[in-house]
Amino acid sequence: MDYLESLLDTLKSWLKKLLELLGGTEPTPELEPIPIPVRDRQ
Numbered sequence: 182m183d184y185l186e187s188l189l190d191t192l193k194s195w196l197k198k199l200l201e202l203l204g205g206t207e208p209t210p211e212l213e214p215i216p217i218p219v220r221d222r223q
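Structure representation (structure tokens):
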């Protein structure tokens with residue numbers, strides 16, 4: 182029984198990766214640049 186559960190978990194992870202690659206419902210969020218304060222030396 183453990184073998185079947187392991188196999189199902191593996192299949193679930195493969196399907197999730199495949200759906201992500203094909204533009205599934207869980208797209209990876211784009212990283213937003215963090216603003217860095219800059220002091221002007223005048």
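This note's numbering puts the first residue of the sequence shown at 182, with every later residue one more than the last. The beta carbon of each residue, even a glycine, is placed where N, CA and C say it ideally should be. Only a predicted model underlies this, so the values are computations on that prediction, with no experimental measurement involved.
To the nearest angstrom, report how far apart residue i and residue j are at their CA atoms.
i	j	result
L189	E211	30 angstroms
S194	E186	12 angstroms
I233	M182	Any answer about residue 233 is impossible in this case: the structure gives the chain only from 182 up to 223.
K197	E213	24 angstroms
L192	G204	18 angstroms
Can you tell me where the alpha helix (DSSP H) holding residue i begins and where it ends?
i	result
E186	D183 to L202
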